[in-house]
Structures are given as C-alpha cells and as structure tokens.
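Enquirer:
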Amino acid sequence: MADGSLSQFKATLARKKARKDKSQGKFDRKKMGFKNPDSKPEFNFPKLSESELEKVKIDIRKKIKSDRRNELIILGIVFIALALLILYLN
Numbered sequence: 001m002a003d004g005s006l007s008q009f010k011a012t013l014a015r016k017k018a019r020k021d022k023s024q025g026k027f028d029r030k031k032m033g034f035k036n037p038d039s040k041p042e043f044n045f046p047k048l049s050e051s052e053l054e055k056v057k058i059d060i061r062k063k064i065k066s067d068r069r070n071e072l073i074i075l076g077i078v079f080i081a082l083a084l085l086i087l088y089l090n
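In UniProt numbering, the protein residues as written are 1 to 90.
(1) Measuring straight from C-alpha to C-alpha, what distance separates Leu53 and Lys62?
(2) In the structure shown, what three-state DSSP assignment does Phe43 receive?
(3) Could you give the distance in angstroms between the alpha-carbon of Ala11 and the alpha-carbon of Lys26?
(4) Would you identify the three-state DSSP class for Met1, choosing helix, strand or coil?
(5) Taking only the alpha-carbon atoms, compute the straight-line gap between Ile73 and Ser39 and give it to the nearest angstrom.
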C-alpha cells in the first residue's frame with residue numbers, strides 16, 4: 001500500500017515548487033528595483049501659511065478657468081467650421 005507513495009509525494013512537492021516559481025517570476029524583484037505596493041510615496045511639500053495657501057488656490061482656480069475658456073473657444077470654432085462645411089456641401 002505504501003509502494004510509490006514517497007515518489008508521488010516528491011512529485012507533488014516538485015509541482016508545487018514549479019507553480020510557486022512560475023507565479024513569482026523569473027527575476028528577483030528586490031534586485032530589479034520594483035516598487036513595493038504597500039509603501040506610500042513621500043512628498044516634501046513646503047509648509048504654507050493660510051494666506052499663501054489661499055493665494056495658491058486662487059492662482060490654480062484662475063488657471064483652470066482660463067484653460068476651460070480656451071477649450072470652449074476652440075470647441076466653438078470647430079463647431080462653426082463643421083456647420084459651415086455641412087452647409088457648403090448641401
């Protein structure tokens with residue numbers, strides 16, 4: 001009854017090791033410089049006072065507003081050009 005059980009057990013261990021090696025990949029990730037998904041990046045932002053922070057927020061809002069205005073102008077020009085093209089072809 002125990003005939004061949006040791007060889008079957010060794011084969012099972014070999015298959016388990018092969019699956020583990022395949023799932024881990026071919027190269028050592030620590031040496032290759034891969035990032036650890038558990039580590040969080042650290043940023044060195046300067047500390048701003050309340051007034052400086054408000055000024056930065058206002059500048060960002062102005063920039064976003066001007067970018068949005070420029071996009072709307074370009075979109076309007078494109079629609080007008082398409083409308084004129086459609087009217088010209090009819």
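For every residue, glycine included, the Cβ atom is placed at its ideal position computed from N, Cα and C.
Quick caveat: nothing in here was measured; it's all calculated off a predicted structure.
Expert: The answer reads as follows:
(1) 14 Å
(2) coil
(3) 22 Å
(4) Bear in mind that the predicted position of Met1 carries a pLDDT of just 45, short of 50, making it unreliable; the figure below should be weighed with that in mind. Met1: coil per DSSP, three-state reduction.
(5) 43 Å
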